[in-house]
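Residue numbers (the numbering used here): 37 to 115.
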């Protein structure tokens with residue numbers, strides 16, 4: 037199945053060839069979860085603060101569907 041993926045902030049380093057300001061497509065086995073996407077890209081789950089699927093925050097066990105739009109965003113620090 038194909039999903040659209042967008043990485044925010046420092047997570048972009050896990051997909052250096054991806055366009056910076058837009059989503060890109062990856063191909064995963066049917067029934068993949070949010071955690072499977074992170075594993076596919078080699079992103080440690082501790083580096084993902086929020087995962088969105090089709091505009092809604094979802095947990096790592098959420099099952100994706102063909103054409104899903106997934107976004108990963110890192111923790112934001114400040115002071």
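We put the beta carbon where it would ideally sit given N, CA and C, even for glycine.
Distance, residue j Cα to residue i Cα
i: residue 67; j: residue 112; result: 30 Å
i: residue 41; j: residue 57; result: 11 Å
i: residue 99; j: residue 64; result: 12 Å
Host alpha helix (DSSP H) of residue i (start-end)
i: residue 76; result: 70 to 77
Cβ pair residue i, residue j closer than 8 Å
i: residue 94; j: residue 109; result: no
i: residue 71; j: residue 47; result: no
i: residue 51; j: residue 105; result: no
i: residue 38; j: residue 78; result: no
i: residue 107; j: residue 44; result: yes
Range of the contiguous beta strand (DSSP E) that encloses residue i
i: residue 108; result: 105 to 109
i: residue 83; result: Looking at the DSSP string, residue 83 is not in any beta strand (DSSP E), and its letter there is neither H nor E.
i: residue 39; result: 38 to 43
Contact with chain D by residue i, beta-carbon distance below 8 Å
i: residue 41; result: Among the protein chains of the structure shown there is no chain D, as only one such chain exists.
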